[in-house]
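In our numbering, the protein residues as written are 1 to 480.
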Amino acid sequence: MLVAESARMLSKGLIVLLLTNYFLQPDEYGLLHLSISVLGTGLLFSYLGLAKSAARYITEYKTKDPSQIPYIITKTLQYNILAIIIVCGVFVVGSGPIARLLGEPSLEPFLVVGAGYIATMTLSTFTSIVFQGFNRVRWSAFIGALSNVGLLLFAVVFLLLGMGALGALAGYVVGYGVAAIVGLGVIYRRFVPNYESDASPEPGLSKKILRYSIPLTITRSGHTLDKDVDTILVGFFLNPAAVGFYVLGKQIADFVTVPATSLGFAISPAYGEQKASDDLDGAARLYENAFVHTALIYIPAGTGLLLVSEPTIRYLFGTDYLGAVPVVQVFGAYILLRAIDKITNDGLDFVGRARDRAIAKTGASVANVILNVLFIPVIGVVGAALSTVITYAALIIVELYIINQEFPINVQSLTKETLKICLVTGLMSSVVITLLPFVSSLISLLTVIFIAGAVWMGLTVMSGLIDPSLVHSFIGNVNE
């Protein structure tokens, strides 16, 4: 999981670097991502949870009645194509009114081209999720990698041809399109023939697929609200350049939290297993260790990001993007909150608190929208970042309260360890502040970050936050 997620984020990081450094100005970059966020609301209705519903019934019918597998795939694909046609039609016909509603007439051609983005991304996602239903994770990972490589390649080609931000979006369309064609080809050439039969469709099976997709769509709506609406509101109240600064800050934060995402994915099932076996103390110790090690990484990382945000933007993305500095500084707190959310949120599903989790997540998403509406007109793009931090902080408090109800968490011990981490972070930060005046290039910035990392490592070992034997073992493995 870590390798796959890291590869995905690495490719996305490379795209960000290329777009910001060589091809797009902040307003063009913002216009591209404003269109992607608007199209993201369309993806909610083109997905409709159908692919996950298909995967669910593929998994069930592989053993129950394999002859129904071709019908499940084809029927679901037909539903998905119908949804795609309707949604794409709405965006093509309504591109002008939508652009005028957002106060960005230049958005109109992006929404027309974006109809292709909705179609190809929906179909490539469909194939990836169907592979998961067959438990062929490698094929799923391959489609994901192919789409990322494809969109990077074709976006750069179209940009080199002078097509600007619209060309970048067209590159996304072609990249996802290639992945969709390959994925569908593999499904219908290598998987469906293994289940071909003359059996008639099971009565009511298509209704089951549709019925199961409804709650999945509702769940995804919360994700869309959380992921896309804040960007749309920045575009509505401000301008494309502000969108560019906001999106860049959020992308940096997402990149930094990849390890926490993978950790949360790996340990979440263990909470459920230990609760099922009545080993609540074991589950509590597991969560405490995950919390401490996450805080150990992300309290210093968030503080460091706040301190070096200006030279990072200047030397990594260019002076045109210095408007993103205050956003990145606010997101220094966001990455810690997001990391804690990643190791806590999914685990609530495995201990039977999915409903509470959903309520908390939906409440935080709605509150985020309200705060965005209140803050953005007053304090600009920083208001959007601040809204995200405030609502995430409230969400984390609720999640920690729920997890403490489930397991006997040693709050006193966690508080003590967190204070030690804060002390280490303070000492590390003093080194960074001392060295920052000497930063004059990307190389000198990386040198300061390396020195700060070495100081952090030394202090964590000396304070007992990291076991020295683990460090020696790691160094030994590297040298072998």
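Cβ atoms here follow ideal geometry from the backbone N, Cα and C, with glycine treated the same way.
Quantities reported herein were computed from a predicted structural model and do not represent experimental measurements.
Comparing alpha carbon positions, the residue from 172, 419, 85 and 240 closest to residue 12 is 172. Going by beta carbons, residue 305 and residue 335 fall inside the 8 Å limit. Annotation for residue 31: the continuous alpha helix (DSSP H) segment containing it runs 26-47. Residue 136 carries a coil assignment under DSSP once its states are collapsed to helix, strand and coil. Under the 10 Å beta carbon count, residue 428 is surrounded by 16 or more other beta carbons and is classified as buried. In the three-state reduction of the DSSP assignment, residue 447 falls in the helix class, which pools H, G and I.
Annotated as proximal: residue 368 and residue 226, with beta-carbon spacing under 8 Å. In summary, residue 454 is exposed, with fewer than 16 beta-carbon neighbours lying within 10 Å of its beta-carbon over all protein chains present. With 16 or more other Cβ atoms inside 10 Å of its own Cβ, residue 372 counts as buried.
Using a Cβ distance threshold of 8 Å, residue 399 and residue 320 do not count as a contacting pair. The C-alpha of residue 36 lies about 15 Å from the C-alpha of residue 164. A distance below 7 Å between beta-carbons, with the five flanking residues on each side excluded, links residue 386 to the following residues of its chain, in chain order: 330 and 375.
At the C-beta level, residue 313 and residue 328 come within 8 Å of one another.
Per the C-alpha coordinates, the member of 195, 188, 434 and 390 positioned closest to residue 363 is 390. By the neighbour-count criterion, in which 16 or more other beta carbons inside 10 Å mark a residue as buried, residue 345 falls on the buried side.
Rounded to whole angstroms, residue 109 and residue 127 show a C-alpha spacing of 28 Å. Less than 8 Å separates the beta-carbon of residue 220 from that of residue 44.
Sequence-distant Cβ neighbours of residue 14 in its own chain, meaning closer than 7 Å and more than five residues away, are 152.
Annotation for residue 249: the continuous alpha helix (DSSP H) segment containing it runs 240-256. Contact annotation: residue 248 and residue 20 have beta-carbon atoms nearer than 8 Å. When C-beta atoms of the region 99-118 are compared with those of the region 130-148, fewer than three pairs fall below 8 Å, so the two segments do not count as touching. Between residue 300 and residue 425, the C-beta spacing is below 8 Å. Secondary structure at residue 163: coil, using DSSP grouped into helix, strand and coil. When C-beta atoms of the region 226-242 are compared with those of the region 100-107, three or more pairs fall below 8 Å, so the two segments count as touching.
When rounded, the separation of the alpha-carbon atoms in residue 406 and residue 281 is 10 Å.
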